[in-house]
Structure formats: C-alpha cells, structure tokens
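Protein chains in written order, with this note's numbering: chain A, 19 to 260; chain B, 890 to 1237; chain C, 21 to 417; chain D, 36 to 327; chain E, 963 to 1252.
Even for Gly, the Cβ is constructed at its ideal location relative to N, Cα and C.
Here's the structure we're looking at; comments come further down.
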Amino acid sequence: MANSENGKTMLKVEDLNVYYGSIHAIKGISFEVNQGEIVTLIGANGAGKSTTLNTVGGLLKASSGTIEFEGKSIAGTPAHKVVSEGMALCPEGRRIFQRLTVKENLEMGAYTRNKAEADETIEKVYEQFPRLKERFRQIAGTLSGGEQQMLAMGRALMSKPKLIMLDEPSMGLAPILVQQIFDIIESLNKDGTTILLVEQNAQMALSIADRAYVLETGRIVNSGTGDSLLHDDSVRRAYLGG
Amino acid sequence: MKRSKNRFVNYIIVLVFFVVFQILLSTGHLSSLITGQLIPIVAYMIMAVSLNLVVGISGELSLGHAGFMSVGAFTGVIVEAALLSKMDPSALNGNMGMQMLILAVAIVIGAAVAAVAGFLIGIPVLRLNGDYLAIVTLAFGEIIKNLLYCLYVYIDDRGLHFSLDPNSLNGTTVLNGPMGALGIKKISTFAAGCVLLLIVLFIIQNLINSKSGRAIMAIRDNRIAAEASGLHVTKYKLMAFVTSAAMAGAAGALYALNYSTIVPKKFDFNTSILVLVFVVLGGIGNMTGSLIAAALLTVLPEMLREFSTYRMLIYAIVLIAVMLLTNNAKFKAFLNGPFHKEKKEGKE
Amino acid sequence: GETANGNNGAATTGDQNQDQPADGQTSAEPAGDGALTGTLNLGVIGPMTGAAALYGNAVKNGAEIAVEEINAIDPAFQISLDVQDDVHDPEISVNAYQTLKDNKVQVIVGTVTTSPCLAVSAEANSDRVFMLTPSASSPSVTEGKDNIFQLCFSDPNQGSASAQYISDNKLATKVAVIYNNGDAYSTGIYQTFKSKASELGLEVVSETTFTDDTATDFTVQLKAAQDAGADLLFLPIYYQPASLILKQASDMGFSPKMFGVDGMDGILTMEGFDTKLAEGVILLTPFSADAEDEATANFVKKFNDKVGETPSQFAADGYDCPYAIYRALEFYAAKNGGLDVTDMSYADLCEILISVFTDPSFSVDGITGQGMVWDANGEVNKAPKAVVIENGVYVGM
Amino acid sequence: MSDIKVVEKPGPFTEEEKKLVNVPSDTFVTERDKDKPLVLETRHLGIDFGGLTAVDEFNIGIGATEITGLIGPNGAGKTTVFNLLTKVYEPTRGSILLNGVDTHGMNPASVNQAGIARTFQNIRLFDKLTVEENVKIGLHNRTDYGMFTGIFRLPKYWKEEKKSHEIALELLDIFGMADQADVRADSLPYGAQRRLEIVRALATDPKILLLDEPAAGMNPSETEELMKNIAKIRDTFGIAVMLIEHDMKLVMGICEVIAVLNFGKIIAKGTPSEIRSNPQVIEAYLGSKKDE
Amino acid sequence: MLTYLINGISLGSVYAIIALGYTMVYGIAKMLNFAHGDIIMVGGYASFCAMSYLGWPPAVAVLFSIGVCTVLGIVIERLAYKPLRSATSLAVLITAIGVSYFLQNVALLVWTSNPKVYPNIFEKIPPITVGEAQISGVTMVTILANIVIMIALTLFTGKTRMGKAMRAVSEDKGAATLMGINVNFTISMTFAIGSGLAAIAGVLLCTAYPNLVPTTGAMPGIKAFVAAVFGGIGSIPGAMIGGILLGVIEIVARALVPDVPSDIFVFAVLIIVLLVKPSGLLGKTVREKV
Ligand SMILES: Nc1ncnc2c1ncn2[C@@H]1O[C@H](COP(=O)(O)OP(=O)(O)OP(=O)(O)O)[C@@H](O)[C@H]1O
Ligand SMILES: Nc1ncnc2c1ncn2[C@@H]1O[C@H](COP(=O)(O)OP(=O)(O)OP(=O)(O)O)[C@@H](O)[C@H]1O
Ligand SMILES: [Mg+2]
Ligand SMILES: [Mg+2]
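Structure follows, in structure tokens:
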C-alpha cells in the first residue's frame, strides 16, 4: 500500500446506474481507484458489490453513468477490448471453463498475450498455487470448490493485468489459504498491480486496503482509508461482527 | 397464487372461445375457412398444452410429439371403424348421442394407446438428457410414421385384422399403408373438442399445482437437488411424459375423426416442430400462451393466402421476427410498461 | 368498323346484362340461342410450395394458359381463376378448399396430389361442389362420390394397363418393381399392377421400396432387381426419384428395360438431365410434349414462353381441366338453350356438370387424350399412350 | 463450548480391525448421546477417481444429536464424503450404516427417505419455484396423496396441502423467512438462498443433516445468526448435524466433535479445543499465522 | 454384402460431411442449427448456377459456392441468431427453423420447384472396382474430403488461437469475454466455417445424388443431425463415424428387410446406441460435480 500517493486515477466510475430488468441494483454510485492502490468494496449480501464489478468488467450493461479506465471511457467498449487494455476480473462464482483442463483454463487467461510470456506467467501461478500444478491435467469441473477458486484467481493473473478486480477471492478457501490469498494480493500490489477487491471477510480486506467504500442497497454510504473504516463503529457493527 | 389464478384465465379463454365461435357458427357468420379450422385449432391447442407439460414443466425437449398424436389418431380411426362395423351405419345419422359416445370411446382408447407408447419409449429414453433426449424422441416419431407406412388394417366378417402385406387387404379397408385411413366417418365436433380441451387443461393444470407437478418442476430446475430431497426422478419424468403422450393421443383422435382421410405423413417431424413452435412462441411453461399461439399460428398461414407464392416466405419472416421481438429486452420492457412502474413503486 | 364495335359492345353488355337491358343485340341474350355466358369462378388446389411444389405449379401454369385461351375465345364467357396452395398436406388442402368456398368459387380443379385430394373430395362431395382432379389418381378419390371426376388415369387403370401392356407386348418375363411405399400414388399403382401381373402370369421377381425420406440411394433396390435377373424394371413413381434410379442403374451397369407411368413424364425436361440415361425408357402417358398435333405444339410453345420449361404431363392435365369444364358447360348451354354462369350456385353447377360428364355423348378432345369420356364413377376413359424415349424424345409405340 | 463433554464410545471396529487399518481413534460422541445408538457409521469408506484416491479409510460414527464438523484443506475430500453418504457417488469400497442399516444399493432419493438430508457447496435450489414450493418439495414424501387425488382435488388433497403449507411456514419461520414464502427462489439474496437450502433439507425430516459450507459468502453477522439457528435446529428436532466449513469461528463455535480430513484420510478427530491445538491440523489447515 | 457395405459407405460419407458442419456449429455455438441443411441447398444451387449459367469451371464454382455460403452463414448469424444470445436455446432453435423455412421459400421463388440435375463434376475420376462393387469417383472424393476436413477441424479447434477461443466461447460466453475473447466475432467465424463446410457438403451431396430442389437439404440435414448425435454431438471424429455408420445401417437394413422402410432400423439403432452410450459413440460423458 505504499505507492498510492503519486498514483494517478486508473479507474473512475461516476453516477453509475444498473438495472436487472425492473430491479434497480446500483443507484448512482461514484468511486475511483488510483494507480497502485488496493481499494475494497464492502457491504452486506445483495448490496451490489458484484454488480458493480461485473458492470465495470463489461459483463453487465450500465443504464447510465460513466466508467473511465486510464482516462478513456470504456462504457461503450466491448468487454474483450478492455481486457486487452489491461483490466482483469475474477468473477463471483468462479466461472471457470468446466470442461477444459486446469492448464487450458490458465492458458485461456493469457489469451491476449503471446505464448512465451504466457509460459512464464503460468510457472509463476503454479508457484503461487502448487495444487494447480499437481492437477494441471484434471478437468476443471471436477476440482473441489476451493481448488476451483484458486484456478479462477490464477486464470485472472495470467493476463498480467494492470488492474485486477477480485470478487470474493477467499470464498470457500481453507484458513491457511485465505491467509495466502491475501499475501498474494499484497505481493501483486507491490509488483505494481492495482487492485479492486470485494470481500465478505471485511476485516482482512480493510486491513490490506488503502481505501474502501461501503455499499448498502446499491448506494455508497461510507468511504475512507482502510484503517479508518476498520475502526469506524458503524462499520464494525455491521460488517465485522461486533 | 399467481399460478392458480392463471388457471381460471385459461378455462375462461376456452369458454369464451367456444361460446363466441359457437354463436358465430350457428348464426352462419363464420367463413368456411374458419369453420373448417375450428377442430384442428382445438386439436393443436391440446397438442401445445400437452407438449408444454414436457417442454415447459418437465424441461425436456421433445421433437416427436406428433408421433403420439399419430398413435392416437390412427387408434381412434380403428376404434371408430370397429365400432361402426358392429352397427347399422344409418343408425348413426342424426343420432348425436351415439356419435358422441363413439367419439368419446375413440378418444379415450386413442389416449390410452398413446400413453402406452409414451410409457414404452419413456422408460429407456428419460435416462438421457438434453439434446440426446430430443433426438430420440425425433427418432421415435419417425419410426411411428414409417411403421404406419407399412401397416394395413381391414375389417371382414371375422373381425379386425392387422397386416404388413398390402396385398392381404380384404373386406373393409381401415388403414391402407401410406394412403392412411380412408372413408373415416367425421364425428368430431367443435363442442366435443372444447370439452376435451377443458378436460386436458383441468388435468394438466391440476397436476402442475399438485405435489406431483411440483416434483416435476423441481426435477427440471435441479435434478441432483431433487434426488437429494427424496424424489424419484424417473417416476415423475415419466408421469409428465406419459400424461403428455396421452393427451397428444386424445388430440390425435379428435383431429383424425374430423377428416375423412388422414395419412401417416401428416404426423412427421415437421408437425412435431410446428407444435414446438406454438409452445416456444407462447412462452415456455405458459399454458395461456400455448393456447393463443396454437390458434394464431394455425390461422396465420391461411390468412396469408392472398400473398400466394410469397405466403410461406412471409410466414417464415413473421416467425423469425416474432422470436426476435419476444426475446428482445427492450420490447419486453415496452410490453410490460404499465406493470413495470407498479413493481418499482411497490418495492421502494 | 361498325360491326366490330357492335360485337365488342355486345360482349360487354352480355357480361353485365343483369344491370342493363340488352340494347337490341340478340347475341347477348342469355337464353334461347344456346350460348354460354357469364363469369365462372374456377378454383385450383395443389402444392405450390414445399416438396411437391413441382406438381402443383405445373398444374397451375397449365391451367392458367388454358384459361387465357378460353377467355380469348368469347368475351361473353370468362373464367376467373383462383389458385390455392396446399403444400401437399390434407389438412391445409381442406383449408384451401374452404378458402375457395369463401371466395365464392363455383367449380374446382384439384387437387393435384392424391392424399390431399382424398380429404378434399370428401368435403366437396358433401358440400356438392363439382371437382375435377387433374392428377390425383387413386380410385378412392372418386369412389362413391358422384361429383368428383378425374382427368388422369386412375391408379388401377395405370397399374393394370401397364401389366397388360408389358404382357401383351412380351416386353419381359421377369419384372422388378421399385415403388415409394410412403406415397399413396405409387403404392396404389403398385398394388393393382401386382394383382394384374399375377393374373396375367407375369413374374414379379423383386419388389423393393423407398420413402421420400430415403429417396437418394437406390443401389440396394437396383441390386436386388439385378440379382433376381429382372429384365424389366417397373417404376410407378414420379420422375424426380426416377432420374436418380436411372443414373444409379447406369453407374452399376444394370440396364433392364425401364417402364414408367404418367408420373415419369417430365423426366426429359429436368434442367441438366442427361437424356441419354432415359434412352429406351417406356412409359404410359397420356401426354407427350413432342407430339406433333397442333394443340400440343401450341401448348408447349405457350408454356415455354410463360415458364421457360417444357411442360410435363401434370401441366398438360392442368391445361385440359379448364377446357373439359368449359366444354361441358358449352355442351349444356347448347342443349338447354344457353347458360349464364355468373353467380350460379356451386350446387346448381355441380348438378349440371355431373349430368354432362356422365352423358355418354359428351367427350372432350384434349392434349392428354382424344375423345375423353367419363363413367358414372368419375373415372376418365382415354387411351393410354405408350411411348418410348429415343434420342431424347418420345416416340409413340 | 467448555460445557460439552465428549466421551469415547466403542467404535465400529474390533481390536483386530483397528490394527489392520490405521484408525486414528474411536468414535467420539457427546455425553448426551452416549446411550443412544449412532445415527451414522462408516466403515473403510473410500472412492477413487481414475488414479486419484479422493477418500480413503473414512471411518466415523456420529451420535444421535451431535453436531460434527468436517474440516480440512481444499480438495481434501470433504464434499466427496458428503457425496458418498448421499449416494451421489457410489463408494469404491467400504460401507455406510444409517441407524445400523447398510445403505448399499440405495440411490440418492432412497437415502434421503432413509434419513440423510444435505445442502450443497454450490447452491442448488429449484430456481423457478417459490420459496414455499422449495420447502414443499422437501415435504414431498411426507405429503400423503397421489397423482389421481391431486388432479381431481379430492378432500385429501386439500387436507394434505393445507398441512404441508403450515409445516412449510413453520420451518421457514426458524430462519425468519416466512414472509418471503411467495418469492421466487432465484431472486433471493445469496445468504437467504443458503438458508432456504437448509430449510428444504430439514423438511425431508432427516435424522442427520449434512451442511456443505453453509456460511460461505455470508458476512460475520449473518454467520453468527446461522450458528444460532443450527444449534436451534438440533435442539428442536433432536437430529444430528454434520457440517463442512472453512469459517473457524463457526466450526469452533458450534461443533462438538471435529474430524479433520487431509488427502482423503482422517488425520485427527476430537473436540474443538483438541483440534485447535493439534500441530498436524495447524500445519495442514489452519496455518500458523491464524488470527483468532 | 461387400457391395452393400461400400454403398453404405458412399451414402454415409455424404451424411458424414454434412454432420461435420453440424457438429462444428453445435459444438461451439451450442445450438441446433436446423437451417444447416438449407445452407447446403443454397451451396448446391450456387455452384450449379456458376457452372450451368456462367459456365465457370467446377473448381471455381465450388469456391464461389463456399464464398456464398460463408457470407450467408455470417449474415444469418448476425441478423437472426445474434440478437438471441441471451435467450433460451429453444428460442434460437425455433428461429433456426424459421430461417430454414425462409431459405427454402426464397429458393422456391428464385430457382422454382423444377428439379435441376447436378452435373457430375468428378466424371474424370475413374471408379475403383472392388469385387462386385464399384466405388465411384464422387465417393472417393467425399471420403477424402471427410478425412481432410476432420483432421483440419480437429487441429483448428485444438491448436489455433481462434480454435481455443471457440472452445472457451462454447463453455461460457461471459467468462470468455473476460479472457479478452471477442465472442461475437468468434461465433461469426464458427458460422462462417460451418457454412463453408455446408457448401462443400452441398456440392458433394448434389454430385452424388444429382437432384437439386429447394427441399434438397432438408432430409439430409436431419439425417446428418442424427449422425452427429449418433457419433456424440460436438465430437468431430464422432460426426464422421456416425455419418458413415448411419449410411451403412440404412443400406444394409434395406438390403436385409426390403419391405420395411429402412429409417425404422436407422432410428431404432440410434435409440439403442444412445441407451447404451447416452452421449453417443465418441461423446464424452461429463459427470456433473456436486
Ligand atoms: N441476475 C439477477 N437478476 C435479478 N436481480 C439480481 C441479479 N443479480 C443480482 N440481483 C440483485 O441485485 C442486487 C445486488 O446484487 P449483487 O450480487 O451485486 O450483490 P453483492 O453485494 O455482490 O452480494 P453478495 O455478497 O451476496 O455477493 C441484489 O438485490 C440482488 O438480488
Ligand atoms: N468427479 C471427480 N473426478 C475427479 N476428481 C474429483 C472428482 N470429484 C472430486 N475430485 C477430486 O477429489 C478431491 C476432493 O474433492 P472435494 O470436492 O471432496 O474437496 P473438498 O474437501 O470438498 O474441498 P473444498 O474445501 O475445496 O470444497 C479434489 O482434489 C478433487 O479435485
Ligand atoms: Mg457478490
Ligand atoms: Mg467442498
């Protein structure tokens, strides 16, 4: 969390509105993520965290509002182009390619890059998640829940993004791995990757985040540095379990 | 709650449909075309709601529904011929009661035989899923059609005879291979069709709203969870499939006894597809939609007759356009316009 | 100048003489002079789209040419044609029929194909609409229906005539048959051929079948015929599959005599067809586009101009039907001191036409037969012509 | 959790058997269940997927009203154990005894009818049915009328439907969901979906309830609520609960006995405090830097 | 018997080549493209017109026909299927049926119902005689084309970048997007290739059974669909094997039981095979992980 001071704005979202049919899920939120930061969105179930990430990542269409990535509006840009510009999303529910093998899944993650670079990154991912290396030929759909979660994260890393958005990366992971995941996030950040993190585990998320936003029923109700929110009473009561 | 309200909507639709057209019919305000189409429309409505039980409620794609209709149709014809051979043909003229009795017997037996066919094909086939099930039902429909091509049935003084040899025909021919059934006595009536449709709706809708129907839908939504909740999957899939087959059989008998001749070829893949189009267009799982789509799409090609050679072309374009429109989010929102607001207000 | 004008005027007045009194021109008087006047609404039903569109369109085009000619003969009598598509489906065919009734059609030419015709003829029979089918050849079409008539040979007629012809001319000793057992027409001819053949002592050594769904590969059927030592192959089928059979037989080096029926006519006119394959094929057909009589030549030319194709037997049947009806009405008018068909009910016309068609003294000369007469059953009586294909053209036998 | 007393109950194995296979310990049951028969026992249970042995020598005995935790690293085979118990997978070896009856030859449906109900790691609801209908599917085998009665709406239909409506609402009320009875299941928030799955499983009137990561995706306060409810379920219905969970607060908070799985084998069994301080478990699962 | 086998293979190789296109589109776009048979028909007409009316040499005509069908496939996909990306698969199925009717009726208006006899473009290839039977030139070309296309498709989907993208798209379009894959382009390409293959199939079908009418593609299309399922839909070698087996069963059944329509046996064997192997001969059964 060191290099946030001189970071210029990497992602800027303004007055974003998203509907599911007639359900108004995101009600005009604005936030930004600066280069080199870890920013986290916290909020109860159904607050709209995943919706926000999916909209930024291009899986959902915003009904209004602007999304700028590195100064360029990406609201109308097709999602796959945004990926090649350096943004990656590790979506909720993993969405790995069930019938492909572990290795093929990882290779898909590096679709926008050339093979040599990809081969290099894959070794790094294998280092971070040795289980994936052990199982590189297994059909991904038969992996255990936690293994799939590792694969999803590994796949997102394969594109070597400038900005990575992680939707509950620790979900379903054993405590020992949760710790590891947060370590990985921090080390990624040290290597210069900007991170937008959504976590149920608010405690840990806030403790590594530079800044955080609190989302409640589609609106941002609070924001500040990770530390300040960690000690904010209302936040403690609502999201940290007392 | 919503579902049970819909149920009465459907009965009312059928009743209104019946009353309006019966009045128009008896006052001579209907064109010959519409008059002639009333019974086929009712038969297709039954086909559509029964297929919807399989496709919409049970969630299986069936491409051979016309096969069951065919079984019911030809069974119905044979039953009629067998019954008529036992009586003086003139006794039937003007004897509405007798006609209705024969029709009822033909429909019931047609439905029963179709149900048996559904059971036999259902037991093995329902173990498959998705497109594999679809292809097997398609295969079943084609097998029925081809079997009927070489089935010859006749009645002589020793009774009813079935044969595969065209040269064995003797006495009164009932089924003549590819020529199908000839000289059927037309005993179907619009009123009888509507009664049958109401019965079918009654059975299907009450089934859906009973514990069995819930089980069928649960299996559709998540087979593994349904098993884990103690449901025997095959039993309920079979229940939907056989019920649906029986109703298609009933529709077939009603349909067949409205024409003086029917041919096996009528009940081919294209007819199965046609009924599927009714179901999808009317909305999968939506019985009201099935009724309306069946009626409209049966009449549509006839309404396009003035375009002569462009008729089927326009039909194809209409079909594509309707599919695109009904699946277009904006268009849907537009259709739901007024309700839209209500919902929003209700929520906030 | 005066006379010509006068005639034209007469015709016009004749047409509308319900509204205005005739202005002194006797030729326009409806009754008394045996003239046929008025406008006849004539319906046609057949497959104009779908897999059998070929046959329906041939009939339609033929009928249209005939109607143009008839309308040019005498402005006092006009036919207005109403063509409806039935996609070769009995249900839709009945719909087409009902549409024609709604359109106030008075007489129907149709339907083109057999299965739909069975369904429609039953309706027409109970409604009392006169129907003349150009090509639906099953005897069931006319059986027990006094107002349904055929212009084509009936299946038994063709089936037994074929057997008879083969036997009489000693064309073969061992006969093989390939027929479409998913098709009423083909199966119908096969059945009567078979019984006549056994009656005549013709040996049928191989009987094989196909359906519309499997009408691509005939090698098995041909092999069976070849293995059975057949020296004649009887093909009671339409020309489209027949063309494939001829090709595959030739590829196999199997060359028995080929014998077809009226459905075979048209084979020579298929675009791109190698007529050498059909060399020596014999068929019983009432029509030959190569016939040299004036009527045929005239029709073939007009058809060619209109559609750009040589007409098949279906087209010829379609052409003869309106003429047969026209002649029948003329016949009646002449006998009964004139007839104005405008707004006549179809039931009245039906009785008139039945009486004429069953009148032994009524006969029609058409391009599909000279002196066609009908029996009370509705079946036509005309001489089947056997032709053999030589050098790509029909040659009478 | 200090009030829980765990006693050793003679396990399913004879002394000889224990020597043959490496059984870490005998079955533990709470004092409460000491005199009641075990609800579930497994012997030498195991399954292979191709070359991979996902579960091996899984031997456990569960007391009649016990809350058992099944924990272990990702891919250890926990979910697979549930799948074996509920016959989603047929075991490669070993046997499962439910109330002393071998479940061999049963299918998922009959195992459920025999008394095992479960939830899934990836939520599996009947999406297009309402909340109440989802619960009624759970009540299916307790609703006593057939297809014919259903179609013709005979008096029994009304009686039974009324009964299951009432039970469904009662059950939903445990989680305070009765007011959402008419909502479609797929429009519920994630947490509520997890709860509904539990209610549905409960509705099948099980003797043992298997919960696969019930707290996944829930925030701390929701998790706390869930803990209370699990205890409440056990108390009200007097059934056994076995749960898989990675949230240590929940596991340590409500489980009376915990089994730890690693590479398909049980590496430790014991009370929460025993497990918490077991060096093998810390090494393989908890991690040394744990923040509790 | 050998004769029947060879004849069966001749017929089957035609089914196989159609099935390859079917399975390709199904495997990637996860839709039953019932209009595939009609694209074959258009391919037949396009090459026929090029040869007969424009006098182009067969090779050029075939290329022309591939071009026409490829463009047609892309256009159909864009106009009719793309708007339904998020709709149920049944909606797409019905639309495909609509497209099928549309193509047939356009063909009816353009080329009329009068059958065109397709020229034998492989006349120069002498048939091989095996025992009593002959393997015709077109059969040899068809079998060769099958093998080449099968290998090419397998390599293409397995090895190339585009092929990889196709596999990702077939699994999960949303996730594929997140990988940077242009989903719309990928699906367009799938249809382009599938339709190009349809053109080749059209040429071979019409050469083998030279009878071209607007409904020419319909029945072979359904048979090929059956063949693709038979072999395990989505599996490329499966489509080829399924097609050939289907042809052999059809011919042998006809030879052994001449009185009964051979389709009865074809479909009966299909049902039996699927009961024994629920995902077709070479289809993979993927057990759902719970
Ligand atoms: N596909 C959908 N259709 C309709 N409504 C949806 C859909 N997905 C989400 N919603 C609704 O949108 C709102 C926001 O959901 P979202 O998934 O973004 O929340 P979240 O903050 O990520 O919650 P969680 O912690 O459960 O992941 C919720 O009210 C949810 O019910
Ligand atoms: N059908 C299968 N085919 C092959 N391997 C499988 C299959 N099912 C599970 N496995 C493997 O078996 C092991 C155990 O999986 P399981 O799902 O039981 O793990 P788990 O303990 O529940 O892990 P998690 O906590 O991550 O959910 C894993 O390594 C998984 O990859
Ligand atoms: Mg979320
Ligand atoms: Mg698990």
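Whose CA, out of the options, lies closest to the CA of residue i?
i         : options                                    : result
Ala1003/B : Leu1202/B, Ala1140/B, Ser1099/B, Val1207/B : Ala1140/B
Ala89/D   : Ile95/D, Ile202/D, Asn118/D                : Asn118/D
Arg113/A  : Thr211/A, Val57/A, Glu55/A, Gly172/A       : Gly172/A
Leu75/D   : Thr239/D, Leu245/D, Arg188/D               : Leu245/D
Ala96/C   : Gly130/C, Gly398/C, Glu350/C, Glu399/C     : Glu350/C
Gln911/B  : Ala1134/B, Leu1087/B, Thr1078/B, Ala1210/B : Thr1078/B
Phe272/D  : Gly86/D, Tyr192/D, Pro241/D, Lys194/D      : Pro241/D
Leu174/D  : Ile293/D, Glu92/D, Ile279/D, Gly150/D      : Gly150/D
Leu1167/E : Met1128/E, Ile980/E, Tyr966/E              : Ile980/E
Ile82/D   : Thr65/D, Glu101/D, Val123/D                : Val123/D
Ala65/A   : Leu78/A, Glu50/A, His42/A, Ile56/A         : His42/A
Helix, strand or coil: how does DSSP classify residue i here?
i         : result
Met290/C  : coil
Val1152/B : coil
Ile44/A   : strand
Val103/C  : strand
Tyr129/A  : coil
Val413/C  : strand
Asp43/C   : Residue confidence for Asp43/C is low, a pLDDT of 41 falling below 50, so the modelled location carries little weight; the figure read from the coordinates is stated next. The answer is coil: DSSP assigns Asp43/C none of H, G, I, E or B.
Asn1108/E : helix
Asp83/D   : strand
Tyr37/A   : strand
Leu255/C  : strand
Ala311/C  : coil
Gln36/C   : Residue placement at Gln36/C cannot be trusted, given a pLDDT of 39 that sits under 50; what the coordinates show is reported in the next sentence. Of the three classes helix, strand and coil, the one that applies to Gln36/C here is coil, per DSSP.
Taking the beta carbon of residue i as the centre, do at least 16 other beta carbons fall within 10 Å, making it buried, or is it exposed?
i         : result
Thr305/C  : buried
Tyr1171/E : buried
Ala1218/B : exposed
Phe1051/B : exposed
Val56/D   : For Val56/D, the predicted structure reports a pLDDT of 45, less than 50, and the residue's modelled location is therefore unreliable. A value from the coordinates is still provided. Classification of Val56/D: exposed, given that the 10 Å Cβ count is below 16.
Gln268/C  : buried
Met1192/B : exposed
Lys171/D  : buried
List, in order along the chain, the chain E residues whose C-beta lies closer than 7 Å to that of residue i?
i        : result
Gly127/A : Met1141
Residues of chain A with CB under 9 Å from residue i, in chain order?
i         : result
Gly1136/E : Asn72, Leu77, Ala97, Pro109, Arg113
Closer than 7 Å by beta-carbon distance: list the chain A residues that pair up with residue i, in chain order.
i         : result
Lys1251/E : Gly159, Thr160
Looking only at DSSP bridge pairs, what is residue i linked to?
i         : result
Met392/C  : Val384/C
Ser1052/B : Tyr1041/B
Note down, in chain order, every chain C residue with its Cβ under 7 Å from the Cβ of residue i.
i        : result
Met961/E : The question about residue 961/E has no answer, for chain E in this structure spans 963 to 1252.
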